[in-house]
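Trainee:
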Amino acid sequence: MSELRELSFSAAIHEALAQAMEADERVFLMGEDIGVYGGAFQVTGDLIHRFGEDRVRDTPISELGGAGVAVGAAVAGSRPVYEFQFSDFSMLAMEQIVNQAAKMRFMLGGKVSVPVVFRMPCGSGTGAAAQHSQSLEAWFGHVPGLKVLEPSTPEDAKGMILAAIDDPDPVLVFEHKLLYKIKGHVPADMYRTPIGKAVVRRKGKHATVVAAAIMVHKALEAAEVLAGEGIDIEVIDLRSIRPIDTATIIESVKKTSRLACIYEGVKTLGIGAEISALIAESEAFDYLDAPILRLGGAESPIPYSPILEKAAVPQVEGIVASLRDLVQGRI
Amino acid sequence: MSELRELSFSAAIHEALAQAMEADERVFLMGEDIGVYGGAFQVTGDLIHRFGEDRVRDTPISELGGAGVAVGAAVAGSRPVYEFQFSDFSMLAMEQIVNQAAKMRFMLGGKVSVPVVFRMPCGSGTGAAAQHSQSLEAWFGHVPGLKVLEPSTPEDAKGMILAAIDDPDPVLVFEHKLLYKIKGHVPADMYRTPIGKAVVRRKGKHATVVAAAIMVHKALEAAEVLAGEGIDIEVIDLRSIRPIDTATIIESVKKTSRLACIYEGVKTLGIGAEISALIAESEAFDYLDAPILRLGGAESPIPYSPILEKAAVPQVEGIVASLRDLVQGRI
Amino acid sequence: MATKNQTKPDVSGRNLRPFYASHSPAQLKDALRRMHLIRRFEEMAEESYVRGLTHGTMHLSIGQEASAVGICLDLSDRDYITSTHRGHGHCIGKGAEVKFMFAEFFGKEEGYCRGRGGSMHIADPATGNLGANGIVGGGLPLATGAALAIKQRKSKDVAVCFFGDGANNEGAFHESLNIAAVWKLPVIFVCENNQYGMSVSTVRSTAVKDVATRAIAYDMPGVAVDGNSVADVAEAMAAATERARRGEGPSLIECKTYRTKGHSRSDRNRYRSKDEIEDWKSRDPIPVFESELLSHGIVTQAEIDGLRAAVEREIQDGFEFARGGTDPKPESLMQGVTTTGDIAEGIGA
Amino acid sequence: MATKNQTKPDVSGRNLRPFYASHSPAQLKDALRRMHLIRRFEEMAEESYVRGLTHGTMHLSIGQEASAVGICLDLSDRDYITSTHRGHGHCIGKGAEVKFMFAEFFGKEEGYCRGRGGSMHIADPATGNLGANGIVGGGLPLATGAALAIKQRKSKDVAVCFFGDGANNEGAFHESLNIAAVWKLPVIFVCENNQYGMSVSTVRSTAVKDVATRAIAYDMPGVAVDGNSVADVAEAMAAATERARRGEGPSLIECKTYRTKGHSRSDRNRYRSKDEIEDWKSRDPIPVFESELLSHGIVTQAEIDGLRAAVEREIQDGFEFARGGTDPKPESLMQGVTTTGDIAEGIGA
Ligand SMILES: Cc1ncc(C[n+]2csc(CCOP(=O)(O)OP(=O)(O)O)c2C)c(N)n1
Ligand SMILES: Cc1ncc(C[n+]2csc(CCOP(=O)(O)OP(=O)(O)O)c2C)c(N)n1
Ligand SMILES: [Mg+2]
Ligand SMILES: [Mg+2]
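Protein chains in written order, with the numbering used here: chain A, 3 to 333; chain B, 3 to 333; chain C, 144 to 492; chain D, 144 to 492.
(1) For the beta strand (DSSP E) holding CYS334 of chain D, just list the boundary residues, first then last.
(2) Which partner residues does ASP60 of chain A have in the DSSP bridge list?
(3) Beta carbon of ASN231 of chain D, beta carbon of PHE306 of chain D: below 7 angstroms?
(4) Is DSSP giving MET122 of chain A helix, strand or coil here?
(5) State yes or no: is the C-beta of TYR339 of chain C nearer than 6 angstroms to some heavy atom of ligand 3?
(6) Candidates A:LEU328, A:ALA323 and A:ALA14: which alpha carbon is nearest ASP158 of chain A's?
(7) Please report whether the beta-carbon of LEU395 of chain C lies at a distance below 7 angstroms from any beta-carbon of chain B.
(8) Please list the residues of the segment 44 to 72 of chain A that have a C-beta atom closer than 9 angstroms to any C-beta atom in chain B, keeping them in chain order.
(9) Mind checking whether the beta-carbon of GLY309 of chain D lies closer than 6 angstroms to any heavy atom of ligand 4?
(10) Write down the C-beta distance between ALA76 of chain A and VAL118 of chain A rounded to the nearest angstrom, noting that I regard them as a contact closer than 8 angstroms.
(11) Could you tell me which residues DSSP puts in a beta bridge with CYS304 of chain C?
(12) Should ARG229 of chain C be labelled buried (16 or more other beta-carbon atoms within 10 Å of its own) or exposed?
(13) Please report whether the beta-carbon of VAL118 of chain B lies at a distance below 7 angstroms from any beta-carbon of chain A.
(14) Determine the burial state of ASP222 of chain D: buried for a count of at least 16 other Cβ atoms within 10 Å of its Cβ, exposed for fewer.
(15) Measure from the alpha carbon of VAL480 of chain D to the alpha carbon of each residue in D:CYS256, D:HIS166, D:HIS233 and D:THR225, then state which is nearest.
(16) What separation, rounded to the nearest whole angstrom, lies between the Cα atoms of LEU164 of chain A and PRO245 of chain A?
(17) What residues from chain A crowd round ASN312 of chain C, counting only those whose CB sits closer than 7 angstroms?
(18) Considering only heavy atoms of ligand 5, does any lie closer than 6 angstroms to the CB of PHE305 of chain D?
(19) Which value, in whole angstroms, describes the spacing of the CA atoms of ASN148 of chain D and ALA379 of chain D?
(20) Taking the alpha-carbon positions, what's the ASP416 of chain D to VAL212 of chain D distance?
(21) Consult DSSP for ALA338 of chain A and reduce its assignment to one of helix, strand or coil.
(22) For LEU297 of chain A, would you say it is in contact with chain B, using Cβ-to-Cβ distances shorter than 7 angstroms as the test?
(23) VAL83 of chain A and ARG59 of chain A look like a contact to me (Cβ under 8 angstroms); what is the Cβ gap, rounded to whole Å?
(24) By DSSP, does LYS147 of chain D sit in helix, in strand, or in coil?
(25) Kindly list, in the order they appear in chain D, the residues whose Cβ is closer than 8 angstroms to that of VAL351 of chain C.
(26) Got a sec: is the Cβ-Cβ distance from GLY33 of chain B to anything in chain D below 7 angstroms?
(27) Does DSSP classify GLU8 of chain B as helix, strand or coil?
(28) Looking at ligand 2, does it come within less than 6 angstroms of GLU34 of chain B, judged from the CB to the closest heavy atom?
(29) List, from N- to C-terminal side, the alpha helix (DSSP H) runs of 4 residues or more that fit wholly inside the segment 396 to 440 of chain C.
(30) Consider the C-beta atom of HIS228 of chain C and the heavy atoms of ligand 1; say whether any pair is separated by less than 6 angstroms.
(31) Rounded to whole angstroms, what is the Cα-Cα separation between LEU285 of chain D and LEU320 of chain D?
(32) Touch check for the segment 243 to 257 of chain A and the segment 281 to 293 of chain A: three-plus C-beta pairs under 8 angstroms?
(33) Can you tell me whether GLU421 of chain D is buried or exposed? The criterion is at least 16 other CB atoms within 10 Å of its CB, across all chains shown.
(34) Tell me which residues of the segment 209 to 221 of chain C have at least one Cβ-Cβ distance to chain D shorter than 7 angstroms, keeping chain order.
(35) Since THR482 of chain D contacts PRO170 of chain A with CB under 8 angstroms, what's their CB separation in whole angstroms?
(36) In its own chain, which residues sit with a C-beta less than 7 angstroms from the C-beta of PHE462 of chain D, not counting the 5 before and 5 after it?
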């Protein structure tokens, strides 16, 4: 029965939040317009009616204070899930996330833990322009003490939110806005998606593609196209930005001898840089038959014009062409 | 005569600031305790007495407002140089640096420019612990619209500050605290160190080391030790984190066939990840005879204990050992 | 509240309040024209969404035109403003042309930001408009900095910072007002209190009833005025501007107003009542201003009709101009990222 | 200002103020003991610097002991505090043992943070002390959040946030006080106004004379008290605590005080005068408290001498304990980074 359940990505997160709140009264939600408004992307939806204002807290527009209050509540025994309306606004709260939450356990000699979850709607494609379209996961992936997740399917979205809420450490979950509406199978029970494990979404032998979130879907599309040409691409869904599941990637590259990293964030110092470096320093290096390809976001802010916005992030056609060149030795 | 001039790293920055203020009355300084106190690291020193309170402005302890005021003043025609007392505190101002300063020119269709300079004292080694010892240059290197510099010598420190002040775009200059006291030759004139150009500090044939700031000195020390063993290391001082001078690195790697990236920032997604990825996707890939080595900061916050603090960043002994292994094919 | 104390009798011999006494009929008619232009621009912008001509989101200020116009009326192109995500009114109030605004909406090269910014980033540096902002409170430090630059070049200009009631709970509000006060900067902080930050009422978000009360925390003058009355807004602004130009520092003006449309396209208006909306509509700033002008005999109904017709033409022409605009070329993506890049491409700063 | 209004006559028949009336001689002597313990701890800490036994920096609160002790006196281990970079007094006031604090200074495993935190991060969760903070204003949202957790578990505990005058210009101050007020959280904001943020006087950094004035912006009670008088501080705290425990929400207490030592080791005191320092030294909170206790006949000089001797032993023993502590092993670097890592190493949360 639950085999047949289909939910949207946002409904899956909504279900995870509801189940966590049902199961543990310490769990509560904070954020801007997550109450009667239901959240800017309608993820919290009706939760305020089910759990009331105390557990679904509309905050003033105060990201530093709001996120910091979540951190303080976590240290003091509650289980906050803080929603940034757009992950771009987390810039106002970097101090509390990175100087406080990420370091507190270490600085205090392991005497406290900080079980806070930050939900980070991210990505471009909505015409919201430069300040509402960023993919900042690489910043947080650079911070010891944090865990950073990026689901690509409704099933993982639910499982990662539940795993994040269970986890005693600060966890950020990046939710690509264009994924909220996609549908997929979502089990009804309270399962957790393991933190730090990548998954092979498509088996292949000619090249390995590592991607996350929406880029997994674009990579799979590209792989379909190339399959028609007899090019067989293996697609790995990274899922966890920190920690990174290096073993799964190494194993795949040893088999395919070719690696491409596809990501929406700015190319320079984006997650593809780390994937590439991890392989280039690993035992898999000797197996490489071609340079490591990176397709990342353009070195520009995200523009408003739809034409330019499309040009600023990897698109399927470009991915197909680049992977073809990679496999046919033209790179 | 000026050939013989020796100045400390901090005196070199002080001279650059003084010369820029002499030459252009639009140039002024903002920051916490940069006035009578002379700055936490005594870089601005006596400038308040030479230029007065209006041009050497002690700000309230308000990093978001202070940095944002600098950005606004820059857009409106002034030439602010904003000192973060410690670059760790820039987390409070990410919004103004990244959402505003870095994107404004682009978002406004090229109609404005934002000539603001942020001085970023960084790095560990002073026992100031987790919130006063970070190396965050990789974050800013990931942001289109910013320029990010990291001098390793007094000469470059002066030249980069002057180049940054001249530049019409927002520029961040990372100043490693342990370098402030080092001395070196500094020309007296108002020269600029070109933005985006690396420099080879030591020629060698067995391996290329790319490092920045204090790691350049550690790499050179290690190279000296290895020279005694007949191992000949080329050391490149990156100098510019954004943009990165890929050409100089490619050229060197084509010659040495081995690459090591040494940096103090957290290893994962630190600057070494980008250097490695740039080479692994470049024509130099085919010249590589060994995996690309990365020696970066530990995956932990910076601890207070001097023993642990040393263990958290690359040290000369470790660099020597790793480079020896790299050159002798044990990696 | 200090204001220009010129007074003169109106047609019926009544003494006119400072706003009417200190502005010529031409100026007052232009103020009304701008309010109509804002209103029609936004109605047309909304329509173009429905017709799928623009993407992204947009925030309409219908119902708030009096504060935009009352604040900008006496500013010159050398005075700066920083605006918000709800900035069309400020932009037009400061003197922007609707055709370039429409072009920006449609993502065209002819747009104020060459189609790179869109509704949330429209700016017009030529008229001193440093731009709308996608970040709530983002303009507060920027305006304060612009005021510092003004002070440094020893000019008598002012910087005006528009922000919303929601923005008044951002740390940037506190830090900016404090710095402006301590440094006596020529900046005027204008809070457009439309009662809600998106879905959250000021009662639920803000510990004080009047944002203006917070001026006490910075030892600066703070006044709350009827934001639907151009006269009230303009008189408060006159006092603040005089103070700033005298070098006495910043002021805070709170304009109590209301947005009759939803927060943005996706708003379902779950957080407020129809009655509340209707009640505010009955105090629509445009009819209010028109009836004052008529009763003072400053303008005739015929003139109003003529002015509205002219606005309509400007809107239609602007809309057509924008529809016929040029799409950016994908290859031009990197333009404007840095000046270095631009100079390399030969377009310069 | 509401306080416990018990009053009782002292030896000379005079009525005692609430602070003295509502605390037993034992409690009052312990308060004095803690002040001496703080003073001697910091003098010893400074000495160990001179002797090169510690590295990094440190911030002494000598002269500010009355606010630390007056605030913490009546708190239980279940009440939280967040502290600052100048936090030794708060830490001892809340009940920490100096031997573990010295051990932290010397970077030993026996230290409160296992040598990972140092002076700027000393914490003692067991006594409700969530820690000093290297970030000015960093504790403001944390204390507010701890108060939210208290409210959520429906207990009557309170959270106390110590911060400095300099921190009151951080956005975190504004956002935290507003959230605490809107949500009526049981948190007490204690500003230790020692006149300077590092080198910058409040006159040059803060637009209002009294930080307490800013409470108006959050519609919460704000009082400024003599921070060098334990009695004044404790009575203001009693009122704020009662209010918080009654569920009526936050309060702001400003303790006017002074640090007689420099900001940190590197301070050259260029920004203040010898006279000013001497003037404040003449109002040293410890002698002030002692003379009040003596005049009320609550304590004898002999008892004071005995208590000081005991403090001296505690300091010496603690110092020796710490000197003999264990250095962390380099291999232990990764412990405490995440719980996952710790559980892997079998040390757990
Ligand atoms: C820093 C930040 N937080 C949140 C948002 C999302 N957001 C956009 S407008 C808005 C409401 C702003 O309210 P107010 O300041 O009163 O302006 P209004 O929309 O009422 O004109 C919110 C929450 C944002 N753009 N920036
Ligand atoms: C966010 C931040 N900005 C600046 C600093 C550097 N700093 C450390 S203490 C201090 C002065 C703080 O003044 P105040 O809050 O009055 O506390 P006090 O030192 O007087 O006890 C400064 C500027 C910091 N640690 N954190
Ligand atoms: Mg509003
Ligand atoms: Mg102080």
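Note that the Cβ used here is the ideal one computed from N, Cα and C, for glycine as well.
Mentor: On the basis of the supplied data:
(1) Counting from 1 along the fourth sequence, the entry for residue 334 of chain D is found at position 191. In the DSSP assignment, CYS334 of chain D falls within the beta strand (DSSP E) that extends over 330 to 336.
(2) For the purposes of this step, residue 60 of chain A is identified with residue 58 of the first sequence, where counting begins at 1. Bridge partners of ASP60 of chain A: A:GLY33.
(3) Translated into positions along the fourth sequence, residue 231 of chain D becomes position 88. Translated into positions along the fourth sequence, residue 306 of chain D becomes position 163. For the record, residue 231 of chain D in the displayed sequence is His; it is not Asn. PHE306 of chain D is positioned such that its CB atom lies no closer than 7 angstroms to that of HIS231 of chain D.
(4) By one-based count along the first sequence, residue 122 of chain A stands at place 120. Strand.
(5) Walking along the third sequence from the start, residue 339 of chain C turns up at place 196. Checking the Cβ of TYR339 of chain C against ligand 3 gives yes.
(6) For the purposes of this step, residue 158 of chain A is identified with residue 156 of the first sequence, where counting begins at 1. Ranking the options by Cα distance to ASP158 of chain A, first place goes to A:ALA14.
(7) For the purposes of this step, residue 395 of chain C is identified with residue 252 of the third sequence, where counting begins at 1. Under the Cβ criterion of 7 angstroms, LEU395 of chain C is not counted among the residues facing chain B.
(8) Cβ contacts with chain B: GLU65 and LEU66.
(9) For the purposes of this step, residue 309 of chain D is taken as residue 166 along the fourth sequence, with counting starting at 1. Checking every heavy atom of ligand 4 against the Cβ of GLY309 of chain D, one is found closer than 6 angstroms.
(10) If you number the first sequence from 1, residue 76 of chain A lands on position 74. If you number the first sequence from 1, residue 118 of chain A lands on position 116. Right, the Cβ-Cβ distance comes to about 4 angstroms (below 8 angstroms), so this counts as a contact.
(11) Here residue 304 of chain C is taken as the residue at index 161 of the third sequence, counted from 1. Answer by DSSP bridge pairing, in chain order: C:THR225 and C:PHE332.
(12) If you number the third sequence from 1, residue 229 of chain C lands on position 86. The residue is buried, with at least 16 neighbouring Cβ atoms inside 10 Å.
(13) For the purposes of this step, residue 118 of chain B is taken as the residue at position 116 of the second sequence. Answer no: the Cβ-Cβ gap between VAL118 of chain B and chain A never drops below 7 angstroms.
(14) The count along the fourth sequence starts at 1 and reaches residue 222 of chain D at position 79. So ASP222 of chain D counts as buried.
(15) Within the fourth sequence, numbered from 1, the residue matching residue 480 of chain D stands at position 337. Cα-wise, what sits closest to VAL480 of chain D is D:CYS256.
(16) The sequence position of residue 164 of chain A within the first sequence is 162, counting from 1. The sequence position of residue 245 of chain A within the first sequence is 243, counting from 1. If I take the Cα positions, the gap works out to 17 angstroms.
(17) Numbered from 1 along the third sequence, position 169 holds the residue referred to as residue 312 of chain C. Neighbourhood of ASN312 of chain C in chain A, by CB distance below 7 angstroms: PRO62, ILE63 and SER64, in chain order.
(18) Absence of ligand 5 is noted for the structure shown, with ligand 1, ligand 2, ligand 3 and ligand 4 being the only ligands found.
(19) What you label residue 148 of chain D is simply residue 5 of the fourth sequence in a count that begins at 1. What you label residue 379 of chain D is simply residue 236 of the fourth sequence in a count that begins at 1. The predicted position of ASN148 of chain D is uncertain, since its pLDDT is 48 and thus under 50; no value can be drawn from it.
(20) The residue labelled residue 416 of chain D in the question sits at position 273 within the fourth sequence. The residue labelled residue 212 of chain D in the question sits at position 69 within the fourth sequence. In the sequence on display, residue 416 of chain D carries Ser and not Asp. When rounded, the distance between both Cα atoms is 28 angstroms.
(21) In the structure displayed, chain A extends from 3 to 333; residue 338 of chain A sits before or after that span and is not available.
(22) As a first step, residue 297 of chain A must be located in the first sequence, where it is residue number 295. No, because no Cβ of chain B sits closer than 7 angstroms to the Cβ of LEU297 of chain A.
(23) Along the first sequence, read from residue 1 onward, the residue named residue 83 of chain A stands at position 81. Along the first sequence, read from residue 1 onward, the residue named residue 59 of chain A stands at position 57. Going by Cβ atoms, the distance from VAL83 of chain A to ARG59 of chain A rounds to 10 angstroms, so no, they are not a contact pair.
(24) On the fourth sequence, residue 147 of chain D is found 4 positions in, with the first residue counted as 1. Caution is warranted here: a pLDDT of 44 is assigned to LYS147 of chain D, below 50, making its placement in the model unreliable, and the coordinate value is therefore given only provisionally. Taken through DSSP and simplified to helix, strand or coil, LYS147 of chain D comes out as coil.
(25) Along the third sequence, one-based indexing puts residue 351 of chain C at 208. Correct list: ILE359, ALA360, TYR361 and ASP362.
(26) As a first step, residue 33 of chain B must be located in the second sequence, where it is residue number 31. Not an interface residue.
(27) Indexing the second sequence from 1 puts residue 8 of chain B at position 6. Under the three-state reduction of DSSP output, GLU8 of chain B falls in the strand class.
(28) Translated into the one-based positions of the second sequence, residue 34 of chain B becomes position 32. The answer is yes for GLU34 of chain B.
(29) As far as the segment 396 to 440 of chain C is concerned, its whole alpha helix (DSSP H) runs of at least 4 residues are 417 to 424 and 428 to 438.
(30) Along the third sequence, read from residue 1 onward, the residue named residue 228 of chain C stands at position 85. Yes, ligand 1 has a heavy atom inside 6 angstroms of this Cβ.
(31) Locating residue 285 of chain D in the fourth sequence gives position 142, where the first residue counts as 1. Locating residue 320 of chain D in the fourth sequence gives position 177, where the first residue counts as 1. LEU285 of chain D and LEU320 of chain D have their alpha carbons spaced roughly 12 angstroms apart.
(32) The way I'd put it, the segment 243 to 257 of chain A does touch the segment 281 to 293 of chain A; three or more beta-carbon pairs between them come closer than 8 angstroms.
(33) For the purposes of this step, residue 421 of chain D is taken as residue 278 along the fourth sequence, with counting starting at 1. Exposed, since its Cβ has fewer than 16 Cβ neighbours within 10 Å.
(34) Within the segment 209 to 221 of chain C, no residue qualifies.
(35) Here residue 482 of chain D is taken as the residue at index 339 of the fourth sequence, counted from 1. Here residue 170 of chain A is taken as the residue at index 168 of the first sequence, counted from 1. With 8 angstroms as the limit, THR482 of chain D and PRO170 of chain A qualify as a contact, their Cβ atoms being about 4 angstroms apart.
(36) The residue given as residue 462 of chain D occupies position 319 in the fourth sequence. For PHE462 of chain D, the CB contacts under 7 angstroms within the same chain, skipping 5 residues up- and downstream, are MET187 and PHE245 in chain order.
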